Structures are given as structure tokens and as C-alpha cells.
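Asker: My questions all concern the structure below.
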Amino acid sequence: MAESGFFAAVGALLRERIEPLRPVGYRRIAGAMLVTNVGNGMQFVANVWLVLTMTGSPRAVALVLLTAALPGVFFGPVIGVLIDRFPRRLVFAFADLTSATVLASVVLLQVTGNLATWHVFVMVFLLGLTESTAVPTGTTLVREIVPVDRLLAANATTGVAVQIGNVSGAALGGFILGSSSVSAVLAINVLSYLGSAAFVFGVRTQRVVRTKNENWREAVREAAAGLTYLRTHRPMIPSYLMLLTLFAVLYVLNTLLAPFANDALHVGASGLGYIDAMFAFGAILGGLLLPLATARLNRDRLAALGVIGMGVALVALAYSHALAAPMVLYGLAGVSFQSFYIFRTRVQEHVPVDIQGRVMALLITSVGLCRLVVYAVLAVFVTAGTLRMIYGVVGLLLGLVGVVITIRAFRTDEVSRPPEPEPVTAGPSETEQA
Numbered sequence: 023m024a025e026s027g028f029f030a031a032v033g034a035l036l037r038e039r040i041e042p043l044r045p046v047g048y049r050r051i052a053g054a055m056l057v058t059n060v061g062n063g064m065q066f067v068a069n070v071w072l073v074l075t076m077t078g079s080p081r082a083v084a085l086v087l088l089t090a091a092l093p094g095v096f097f098g099p100v101i102g103v104l105i106d107r108f109p110r111r112l113v114f115a116f117a118d119l120t121s122a123t124v125l126a127s128v129v130l131l132q133v134t135g136n137l138a139t140w141h142v143f144v145m146v147f148l149l150g151l152t153e154s155t156a157v158p159t160g161t162t163l164v165r166e167i168v169p170v171d172r173l174l175a176a177n178a179t180t181g182v183a184v185q186i187g188n189v190s191g192a193a194l195g196g197f198i199l200g201s202s203s204v205s206a207v208l209a210i211n212v213l214s215y216l217g218s219a220a221f222v223f224g225v226r227t228q229r230v231v232r233t234k235n236e237n238w239r240e241a242v243r244e245a246a247a248g249l250t251y252l253r254t255h256r257p258m259i260p261s262y263l264m265l266l267t268l269f270a271v272l273y274v275l276n277t278l279l280a281p282f283a284n285d286a287l288h289v290g291a292s293g294l295g296y297i298d299a300m301f302a303f304g305a306i307l308g309g310l311l312l313p314l315a316t317a318r319l320n321r322d323r324l325a326a327l328g329v330i331g332m333g334v335a336l337v338a339l340a341y342s343h344a345l346a347a348p349m350v351l352y353g354l355a356g357v358s359f360q361s362f363y364i365f366r367t368r369v370q371e372h373v374p375v376d377i378q379g380r381v382m383a384l385l386i387t388s389v390g391l392c393r394l395v396v397y398a399v400l401a402v403f404v405t406a407g408t409l410r411m412i413y414g415v416v417g418l419l420l421g422l423v424g425v426v427i428t429i430r431a432f433r434t435d436e437v438s439r440p441p442e443p444e445p446v447t448a449g450p451s452e453t454e455q456a
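Going by this note's numbering, the sequence shown opens with residue 23, and the numbers climb by one from there.
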């Protein structure tokens, strides 16, 4: 009996994982995000290596991170309008093609011996701009194509693709860098962006896009529509704030890990790789199990417990030593991070499809501001004690927030559900109009 129950659970899990892949458009988006994140993982390695070899200054690496965060802060509202005003598959494809063009130009400068440090910073800025465009565009495309009752499974599957892409990209980038050159890493990344553009260009939807002739005041009001929607739909604010919080915490973890592994844990580059890989492993495992769990359990309670789990993991990391404990704790943080996809699904379910781009781009702008604050703190107070304190404070605050939303979730018997009726925005053919 136990054995048959196990196989039945495995079968249910497989069906949950396959179901979101049925729409051809979603398979294309998931493929594009996988390929793009392979490129992003490779590019991070290439960026750090280029700056270190050209300047010899670790502070320049911090400037690279700062430069990558600026586009989302300054151009987020404009990006949101573009996502909602134009066919989203074309916006995504254009971002990828722009990335490929930028990298091809840098490769040409590198092989001809004309690459200067300022070229690298321009490249990082432009790639930050295209990433700030592609991420919310991909999210809105998923909502546009996938039926609302399968949206959480689709988001979790997309998260698995992103983590697989990041880990494999970083490993591939390091291998190519060690065996060949940084130019080879950049050249292969050009191909990854071209492949991603090819994937997404074939996506078809039924959303009708109508352009408007308007003056600059109307354009400003349109750019602020995401913020206006949240302000006038207050029940959405808690889910959106949790989405923002977890997104910001993810960037904090990514930013702190390298100095934390080196200065606080003293585990070196190999230990850094193991710890980072454990977060990805936990996120992939959690992403595979999330649809199965939410099909049987209250998703709001799972999300709240996940927030507490991440908070506990971060507080424990503040007191951790050596390698084994941080690896386990980062794995737990990866599993707990799946709460992010529950909150994102709740936002996607309730926000109208036609303004989702502006709502999600507002998220990119807000997270960009958080990244700037973190980078500023690190630039001034980079010590082992400060790093541990940041982990502990962020984890404690996250845990307290988790306790509050857990109490609220367990006091409510009914799970949050999509609004009815659901707007019809997806189908087998595209009718986008200029």
C-alpha cells in the first residue's frame, strides 16, 4: 500500500509538472527564460572577470553591480508602458536582440584590442536595461497565455527553468573562461540571446493592442497606472508588498553571498559555488513540489510558512560557520523562496492583463532602489560582522512578517482564489493589432 501510494504521488507530481507545458506558447516562453538565464549566469562571470582583469580593483566589481541596478530604477515606468502598449513577444524579442548586439560589439572590441573599461560599464548598463525589460515581459506573457487555474504551476515551472539556467550558465561560463577566454563566453552568450528571441518570437496570443495618440501628460498618467491601480485596490497591497519583499531579499542574498563566503565563512571560491548551488537545488526542488502541495493544502498558509522558513534560514546563517551548515541553510532558503511564486500568482490573478506590465515594472523599480541601498551599505561597511548582522536583521524582520501573515492565514478558513469571471486573453492564434 505504501509503495502504491508513493507511485501515485509521483504520478500526480509528474502530471502537475507537465500540465502547464501543454500550451505551445508557454513552452516557448519557458524555453526562452531557460536559455536567457543560462546567458545571464554566464554573463555575471564574464562581467566580474572583465572588470577585475582590466582594473585590478574589487571596488570596481561593486560599481558593476551598481551600474546593473540603475536601469530598473530610472526606466521602470517607461518599460511598463512599452510592455502594455506593444505586442509583448516583440518587446521580449527586441530586448534579447539588443543584448545580443551589445555583446557582439564588445566581442569585436575585445578581439581587436580596443576594449576599454568604460565600454564594459556601458555594456553592463545596457544589459541591465534589457534584463529589466525581459523579466516583467516574460511574467506578463505567462499570465496572458496560461489559464488562471494553472497559473501557479506555470510560475513554479518557470522558476525551475530560471534556476536551472542560472546554475548551468554560471558553471558553463566558469568552464569556458578557464579553458578558453572571456571573449568565448561573450560570443556564446550572443547565441543564447538569439536563441531566446527565436523561442519567444513564435508566441501567439489573442490580446489586442491599440496604440493611442496622446500628449505627454496622458503618457505620464499612463506610466503611473500601475501605482494607481494598487492604490485604488488596497486588498492587493499585502500580496504585492510580500512579492516586493521576497524579490528584494533574493537580490540581497545574491549580493551578500560572495563577500559572506569569503570574509565571514572563509570557504573560498569553491565553497561559494557549493553554497550558491544549494540555493538553486532547493529552489528547483521546491518548484517541483509546489503545485502538488498547493493542490492539497491552503496556499496562503504555505506561503506564510515559507516566509517564516526563509527568515529562520537567514537568522541561522548569521551564526553559521564552515561550509556544511551554510549549504543546508541556503538550500532551505531556496525551498522557502517558493512563497514568492504564490504571491506573484495572487497579484497576476487580480491585476487586469492590460496593465500587468506597468504593475510588474513598478516592482522592478522598487527592487532596484533596494539594490542601490544594499550596495551603498556594502560599499561603506564591508566587514564580516556587518555581513552577519545584515543576514540576521533581514531574517528577523522577514520571520516577524511571516508570523503576522501566518496568523492571518490560519484565522481565515477560505483560501484566496482568482476573481470571477476571468477575462479571456489567451488562445491558439494571435490577433495583435497596431
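Don't be surprised by glycine CBs; every beta carbon is placed ideally from N, CA and C. All figures in this text were calculated on a predicted structure; none of them were measured in a lab.
Quick one, are the C-beta atoms of residue 73 and residue 86 less than 8 Å apart?
Answerer: The answer is yes: Cβ separation under 8 Å.
Asker: Please confirm whether residue 134 has its beta-carbon closer than 8 Å to some beta-carbon of chain C.
Answerer: The chain labelled as chain C is not found in the depicted structure, where only one protein chain is given.
Asker: Using only CA atoms, which one of 156, 386, 206, 254 lies nearest to residue 223?
Answerer: Here the closest residue by C-alpha is 156.
Asker: Determine the direct distance from the alpha carbon of residue 276 to that of residue 185, and round the result to whole angstroms.
Answerer: Cα-Cα distance, rounded: 13 Å.
Asker: In angstroms with no decimal places, state the Cα-to-Cα distance between residue 84 and residue 398.
Answerer: Approximately 9 Å between the Cα atoms of the pair.
Asker: Measure the alpha-carbon distance for residue 340 versus residue 188 and round it to whole angstroms.
Answerer: About 25 Å.
Asker: Helix, strand or coil, according to DSSP, for residue 188 in the structure here?
Answerer: Helix at residue 188.
Asker: Nearest to residue 313 by alpha carbon, out of 173, 252, 141?
Answerer: Closest option to residue 313, Cα to Cα, is 173.
Asker: With C-beta atoms as the reference, is residue 191 less than 8 Å away from residue 94?
Answerer: No; because the gap between Cβ atoms is not below 8 Å, this pair is not in contact.
Asker: Just checking my contact of residue 181 with residue 309 at CB under 8 Å: how many whole Å lie between their CB atoms?
Answerer: 5 Å between Cβ atoms; contact.
Asker: How close, in whole Å, do the beta carbons of residue 388 and residue 252 come, if the pair is a contact with beta carbons under 8 Å?
Answerer: Wrong, their Cβ atoms sit about 11 Å apart, outside the cutoff.
Asker: Rounded to whole angstroms, what's the CA-CA distance from residue 425 to residue 329? Just pull it up for me.
Answerer: C-alpha separation (whole angstroms): 8 Å.
Asker: Identify every run of the alpha helix (DSSP H) within the segment 304-353, keeping only runs that are complete inside it and at least 4 residues long; order them along the chain.
Answerer: You should have 321-340.
Asker: What do you get for residue 412, buried or exposed, if any count of 16 or more other CB atoms within 10 angstroms of its CB means buried?
Answerer: By the 10 Å Cβ count, residue 412 comes out buried.
Asker: Between the segment 374-383 and the segment 343-353, do three or more beta carbon pairs fall short of 8 Å?
Answerer: No, the segment 374-383 does not touch the segment 343-353.
Asker: Have a look at 386, 316, 215 and flag the residue whose alpha-carbon is nearest the alpha-carbon of residue 122.
Answerer: Selected option, being the one with the closest Cα: 215.
Asker: List the endpoints of the continuous alpha helix (DSSP H) containing residue 171.
Answerer: Note, residue 171: premise wrong, no alpha helix (DSSP H); not H, not E.
Asker: With DSSP as the reference, label residue 61 as helix, strand or coil.
Answerer: Residue 61: helix per DSSP, three-state reduction.
Asker: Using only the alpha-carbon positions, how far apart do residue 343 and residue 287 sit?
Answerer: Going from the Cα of residue 343 to the Cα of residue 287 covers about 6 Å.
Asker: Curious, which full-length alpha helix (DSSP H) runs of at least 4 residues does the segment 372-403 contain?
Answerer: Segments of the alpha helix (DSSP H) lying fully in the segment 372-403: 378-402.
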